[in-house]
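In what follows, a structure is listed as structure tokens, so that the remarks can point back to it.
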Amino acid sequence: MISNLLRKLSQLAHDPVLRRWVLGHAFGRIPGAPDFTPHVPPYLEDLLPLAPERPTRTLGALQAKQLTGPVMLNLAGLDVTVVADDLAALFVRNFDDLETQLSLHRFAWVRDDSDPDQVDALWRAWAEGFSTPLAHWSWHPYTAGERAVNILNYASQHGLPGDRDRTIAILAAHAPAIAARLEYFGDHHTSNHLANNGRALYVLGRRLGMAKAESMGLKILQEEADRLFSPSGMLREGSSHYHLLVLRLYEDLVHEAFAETVTRARRVASALMLPGGLPLVGDISPDISPDDLLAVLDLQGDGVLDGDGWLRADVGAWSGLWHASPEGFSHMPGHGHQDVGSFDLHYGDEAVIVDPGRGAYGEDGDAALYRSAVMHNGLMLGGKDPYPANKPYYDDDFRERVAGSAPSLQKTTAGVRLNFDAVERDWDFDGDTLTLTDHVRGSGAMTITRTLITPLPVEQKDGGVMIQGRNARYWVECGDGDIHVRLVTRWLAYGRGIPATAITITRHGRVPFDGEITLSAMA
0 MISNLLRKLS
10 QLAHDPVLRR
20 WVLGHAFGRI
30 PGAPDFTPHV
40 PPYLEDLLPL
50 APERPTRTLG
60 ALQAKQLTGP
70 VMLNLAGLDV
80 TVVADDLAAL
90 FVRNFDDLET
100 QLSLHRFAWV
110 RDDSDPDQVD
120 ALWRAWAEGF
130 STPLAHWSWH
140 PYTAGERAVN
150 ILNYASQHGL
160 PGDRDRTIAI
170 LAAHAPAIAA
180 RLEYFGDHHT
190 SNHLANNGRA
200 LYVLGRRLGM
210 AKAESMGLKI
220 LQEEADRLFS
230 PSGMLREGSS
240 HYHLLVLRLY
250 EDLVHEAFAE
260 TVTRARRVAS
270 ALMLPGGLPL
280 VGDISPDISP
290 DDLLAVLDLQ
300 GDGVLDGDGW
310 LRADVGAWSG
320 LWHASPEGFS
330 HMPGHGHQDV
340 GSFDLHYGDE
350 AVIVDPGRGA
360 YGEDGDAALY
370 RSAVMHNGLM
380 LGGKDPYPAN
390 KPYYDDDFRE
400 RVAGSAPSLQ
410 KTTAGVRLNF
420 DAVERDWDFD
430 GDTLTLTDHV
440 RGSGAMTITR
450 TLITPLPVEQ
460 KDGGVMIQGR
470 NARYWVECGD
480 GDIHVRLVTR
490 WLAYGRGIPA
500 TAITITRHGR
510 VPFDGEITLS
520 AMA
């Protein structure tokens, strides 16, 4: 309790926008969050609570032998090896990152080709200690839902692990447990988790023959599709990886009610794929690695992405992806970063400038750093993020008063233009050269920091930086700032990254300011 109070006081001390809201709300000038009933979406008021149902369908039993050898599990951010005699202890182990523990209890490590002996042994070990719904992270509705779906998906091909009748009873108990704690927290603070709850109820009901669970799950999924996706078909939550995750959630249901949603979301997903791979804009989910998810989705064809704060542009050999949240603030709730003014850029099939992603959730350390503008290919004024941290209780009127006009992101005849706050950025492409021109309005003196992050080897030289690619070299030059390079991490999955380099260009002086960075591809 004391630590929670200290954390809130620290937030107030360091966040002037939050202080403004607190004072305005205290004096009645700014409204608080709208009233709502936690865990009860309005469209389910007449359907909750969900009573236990007797399953009317079953699945075959998994053919498995006694496990003898060690088990290696690919968990969120960590590989774990455990011997057969120590499986029960594994499920009560505390990991440094809670997401590692949750991925274990979600059976997120189960794949279609997982060893039946291992799946059976681990399911039996889990069931011995956690088969009864309880107030523990192992039965958090998102975790319970993921576990149920992962086990049922595996069982549909190989059979149910453990004692079949007991496993069916345990899985059936997941439905009322999830429905009792649906992750609905008002229209202002409900994320993709509620749709995930709906998927679990639908899959449980469909596979086990529980009509009420199936109907409730379908209702949630239908209602939440409009909340989750913008008119363009892009997930509102500010993350390319989460877009693919929620696309798969709906696509796997193979239901005509979601055909249009899936078509639009898949078209957008295809556009997210640049020739050199998927830019990991925003958070990376711990549920499944981007590479594994892409292998499942098998994205093909040309997509369209030009709206709702996202833009893809292809000019000659260059392909780029830009993101600027339409609200300025990162969408709440969501998985967005301080990436207004940032971009990913590929030359042919080579990723040259990348968003490094984020390797963990959290509010301090690297988790906070990789969410900040410091770790994006943008422009910082006075070392500050382009927009304040968002809060679920800020309403649209307050956000607009704080942030001003929404960012404007559009294609031009030569490339792309972005306007936000006092900044205009122009990406102009001419053959093998990109000229990035920055205009900063205002008065007085300030420090302007521009950053480019590359996964490729670099060498700092007089006048610039040489980036060494596979088939080309890329010369970065800027005449109006001090250039420095430093090692950073490019996150490829939750908790798993490789070395990359941040090129920073820093200038302290008066504004207005006009400056150029050139990036030239050379044979």
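282 is the number that numbering that gives the first Met the number 0 gives to position 283 of the sequence shown; each next residue is one higher, with no gaps.
For every residue, glycine included, the Cβ atom is placed at its ideal position computed from N, Cα and C.
It should be emphasised that the depicted structure is a prediction, and the values quoted were computed from it without experimental measurement.
Simplified DSSP assignment, three categories, for residue 93: When DSSP states are grouped into helix, strand and coil, residue 93 belongs to the coil group.
First through last residue of the alpha helix (DSSP H) which encompasses residue 211: According to the DSSP assignment, residue 211 belongs to the alpha helix (DSSP H) that extends over 210–227.
Endpoints, the alpha helix (DSSP H) within which residue 153 is located: Where residue 153 is concerned, the enclosing alpha helix (DSSP H) starts and stops at 140–157.
Three-way DSSP call (helix, strand, coil) for residue 362 in this model: In this structure, residue 362 counts as coil in the three-state DSSP scheme.
According to DSSP, residues forming a beta bridge with residue 600: Outside the shown range of the chain, which is 0 to 522, sits residue 600, and nothing can be said about it.
Simplified DSSP state of residue 473, which is helix, strand or coil: When DSSP states are grouped into helix, strand and coil, residue 473 belongs to the strand group.
Residue 347 versus residue 316 - alpha carbon distance: Using only the alpha carbons, I get a separation of about 5 Å.
In DSSP terms, what residue 498 is bridged to: Per DSSP, the beta-bridge partners of residue 498 are 488.
Residue 99, DSSP secondary structure in three states: Look at residue 99 here: in three-state DSSP terms it is helix.
Nearest-angstrom beta carbon gap, residue 303 and residue 270 [assumed within contact, 8 Å]: Rounded to the nearest angstrom, the Cβ distance from residue 270 to residue 303 is 6 Å, consistent with a contact under 8 Å.
Below-8 Å beta-carbon distance, residue 522 vs any chain D residue: Absent from the structure: chain D. Only one protein chain is present.
Assigned secondary structure, residue 440 (DSSP; H/G/I helix, E/B strand, else coil): Residue 440 falls in the coil class under three-state DSSP.
Cross-strand partners of residue 346 (DSSP beta bridge): Its beta-bridge partners are 317 and 349.
First and last residue of the uninterrupted alpha helix (DSSP H) at residue 206: Where residue 206 is concerned, the enclosing alpha helix (DSSP H) starts and stops at 192–207.
Reduced DSSP secondary structure (H/G/I, E/B, other) of residue 426: Residue state, collapsed to three classes: strand.
Span of the alpha helix (DSSP H), counted from its first residue to its last, around residue 80: First-last for residue 80: 77–81, but that is the beta strand (DSSP E), not the alpha helix (DSSP H).
Close Cβ partners of residue 391 (< 6 Å) along its chain, the five nearest in sequence each way excluded: These residues qualify, in order along the chain: 187, 188 and 331.
Three CB pairs or more closer than 8 Å across the stretch 439–455 and the stretch 395–410: For the pair of segments examined, the stretch 439–455 was found not to touch the stretch 395–410: the number of CB pairs separated by less than 8 Å stays below three.
Chain-order list of residues whose beta-carbon lies under 6 Å from that of residue 440 (same chain, five-residue window excluded): Excluding sequence positions up to five before and after residue 440, its CB lies within less than 6 Å of the CB of 421 and 511, all in the same chain and listed in chain order.
CB of residue 411 within 8 Å of CB of residue 515, strictly: It is not a contact, given that the beta carbons lie outside the stated cut-off.
When 365, 494, 234 and 246 are compared against residue 335, the one with the closest alpha-carbon: Taking residue 335 as reference, the option from 365, 494, 234 and 246 with the minimal CA-CA separation is 234.
Neighbourhood of residue 132 by C-beta, 7 Å cutoff - its chain only, sequence neighbours within 5 removed: Within the same chain, residue 132 has close Cβ partners 138, 172 and 176.
Contact the stretch 75–87 vs the stretch 209–224: 3+ CB pairs below 8 Å: At 8 Å Cβ cutoff, the stretches do not touch.
Residue 141 versus residue 174 - alpha carbon distance: If you take the alpha carbons of residue 141 and residue 174, they lie about 12 Å apart.
DSSP bridge partner residues for residue 512 (one or two, in chain order): As a beta-bridge residue in DSSP terms, residue 512 pairs with 439.
Residue 404 burial status per 10 Å Cβ neighbour count (16 or more: buried): Its Cβ having fewer than 16 others within 10 Å, residue 404 is exposed.
Cβ neighbours of residue 57 in the same chain (closer than 7 Å, five flanking residues each side left out): The beta carbon of residue 57 sits closer than 7 Å to those of 167, all from its chain and outside the five residues before and after it, given in chain order.
C-beta atoms of residue 425 and residue 520 nearer than 8 Å: At a Cβ-Cβ threshold of 8 Å, residue 425 and residue 520 do not count as neighbours.
Neighbour-count burial assignment, residue 241, 16 or more Cβ in a 10 Å radius: Counting other Cβ atoms within 10 Å of its Cβ, residue 241 reaches 16 or more and is therefore classed as buried.
Minimum C-alpha distance to residue 509 - residue among 476, 297, 438 and 457: Of the listed residues, the one whose Cα sits closest to residue 509 is 438.
Inter-residue CB distance, residue 482 and residue 452 (contact presumed, cutoff 8 Å): Rounded to whole angstroms, the Cβ separation of residue 482 and residue 452 is 14 Å, and the two are not in contact under 8 Å.
As assigned by DSSP and simplified to three states, the class of residue 65: Here residue 65 sits in coil by DSSP.
Residue 115 beta carbon less than 8 Å from that of residue 178: Cβ atoms of residue 178 and residue 115: not closer than 8 Å.
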